[in-house]
Amino acid sequence: MTTYRWRGLRTGSIEHLDVLRRDDHLRARSVVDLGPVRLEYAMDLDLAWVFQALRLRSSDGRQLDLSRDDGGDWWVDGVLRPDLADAVDVDLSFSPFTNTLPIRRLGLTVEAAADIVTAYVDGESFEVAPDPQRYTRLAADRYVYESRDDDFHSEISVDADGFVVDHPGLFTRRPPGA
């Protein structure tokens with residue numbers, strides 16, 4: 229098990245994430261303290277870092293179950309979502325962990341870029357929507373994240389395993405126990 233912690237710079241949140249490798253998949257478990265609300269999620273990925281399932285719960289009683297089957301169909305709370313058909317990754321608005329998924333899955337070489345679509349989960353509303361994005365690898369430890377449907381972009385620093393160290397203005401990693 230590997231543990232990561234991040235501080236949300238806009239929200240003041242603290243995320244505590246544990247990633248466990250199993251024989252046939254990865255399991256991430258996280259608690260995100262947003263002050264008045266606490267979010268907990270469990271996420272399953274295959275060993276190639278492809279998203280399989282998310283179970284998200286909030287301390288105020290909201291919940292979301294999101295999954296992607298082997299055929300690429302997405303399900304939100306048991307309802308098929310054809311609008312997410314182009315998505316492979318999930319993107320949680322409140323967690324830098326989900327930047328790791330495309331970084332690990334794509335395995336970009338330096339100066340290479342890839343356009344992707346994510347299933348974007350808004351942490352306030354729990355709404356899920358397709359979100360076109362682009363990742364460009366600048367160096368071994370740096371990527372540019374770009375939203376393809378607005379003008380947001382950010383240069384992300386990562387560690388050797390592709391986990392966010394600094395997402396300027398949004399998240400910064402803290403040492404475990406800090």
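Numbered by our numbering, the letters in the sequence shown go through residues 229 to 406 in order. Glycine included, each C-beta is placed from N, C-alpha and C at the ideal position. All figures in this text were calculated on a predicted structure; none of them were measured in a lab.
| Item | Value |
| --- | --- |
| Using DSSP's beta-bridge definition, name the partner residues of M229. | According to DSSP, which records beta bridges pairwise, M229 is partnered with nothing at all. |
| With distances taken between CB atoms, is the gap from L294 to V304 smaller than 9 Å? | yes |
| Just mark D359 as buried or exposed, buried being the case when its beta carbon has 16 or more other beta carbons within 10 Å. | buried |
| Which residue from Y363, Q280 and D261 puts its Cα closest to that of S241? | D261 |
| Based on the DSSP output, what are the partners of V278 in its beta bridges? | DSSP lists no partner for V278. |
| By a C-beta neighbour count over all protein chains shown, 10 Å radius and 16 as the cutoff for buried, is H395 buried or exposed? | buried |
| Would you tell me roughly how many angstroms separate the C-alpha atoms of T346 and G306, rounded to the nearest one? | 19 Å |
| Tell whether a beta-carbon distance below 9 Å holds between L237 and L398. | yes |
| Could you tell me the alpha carbon to alpha carbon distance between D298 and R266, rounded to whole angstroms? | 31 Å |
| What are the boundary residues of the beta strand (DSSP E) that F399 is part of? | F399 to R402 |
| Would you kindly work out how many angstroms separate the C-alpha atoms of A341 and S286, rounded to a whole number? | 35 Å |
| By how many angstroms is the C-alpha of E243 removed from the C-alpha of G263? | 11 Å |
| Return the first residue and the last residue of the beta strand (DSSP E) that T328 is part of. | T328 -> not in any beta strand (DSSP E); alpha helix (DSSP H) instead, spanning F325 to L334. |
| Given V393, which residues of its chain have a CB within under 7 Å of its CB, disregarding the five upstream and five downstream residues? | S385, V386, D387 and R401 |
| Is L312 helix, strand or coil by DSSP? | helix |
| Judging by CA-CA distance, which residue of R296, D288 and L329 is the nearest neighbour of E352? | D288 |
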